[in-house]
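A.B. asks: Numbers given in the working numbering equal positions in the sequence shown, counted from 1, plus 8.
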Amino acid sequence: MAAEGGKADVSKPLRGFGSGLFEIALPFQGDAFRVIYALQIGERIWVVHAFQKKSTKGVKTPKREIDLIKARLKWIRGQSSEE
Numbered sequence: 009m010a011a012e013g014g015k016a017d018v019s020k021p022l023r024g025f026g027s028g029l030f031e032i033a034l035p036f037q038g039d040a041f042r043v044i045y046a047l048q049i050g051e052r053i054w055v056v057h058a059f060q061k062k063s064t065k066g067v068k069t070p071k072r073e074i075d076l077i078k079a080r081l082k083w084i085r086g087q088s089s090e091e
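1) Between which two residues does the beta strand (DSSP E) harbouring F41 extend?
2) In angstroms, rounded to a whole number, what distance separates the CA positions of D39 and Y45?
3) Could you check the C-alpha separation between V56 and V43 for me, to the nearest Å?
4) Is the beta carbon of R31 less than 8 angstroms from the beta carbon of K20?
5) Classify L34 as buried or exposed, calling it buried when 16 or more other Cβ atoms lie within 10 Å of its own Cβ.
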């Protein structure tokens with residue numbers, strides 16, 4: 009869907025990162041999984057991070073996951089500017 013310029017009904021903007029970054033939350037057999045993707049950076053769509061959420065603090069995304077997303081976005085944006 010994202011490759012065609014759309015977005016899934018179950019995706020929502022990931023706050024705190026500017027525009028263009030989305031999160032899909034998927035429950036599976038009692039566990040929670042998250043996929044973070046950038047709709048478009050340059051001419052590519054990037055899956056930035058996917059993880060099983062094991063936070064003991066409710067729905068908040070753990071800091072270590074946020075830090076990893078930030079680092080990967082920085083790298084992706086650097087790759088896109090080199091093209």
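Virtual Cβ for every residue (Gly too), placed ideally from N, Cα, C.
C.D. replies: Checking against the coordinates, here is how it stands:
1) First-last of the beta strand (DSSP E) with F41: D39 to I49.
2) 20 angstroms
3) 8 angstroms
4) For the record, residue 31 in the displayed sequence is Glu; it is not Arg. In this structure, K20 lies closer than 8 angstroms to E31 by Cβ.
5) exposed
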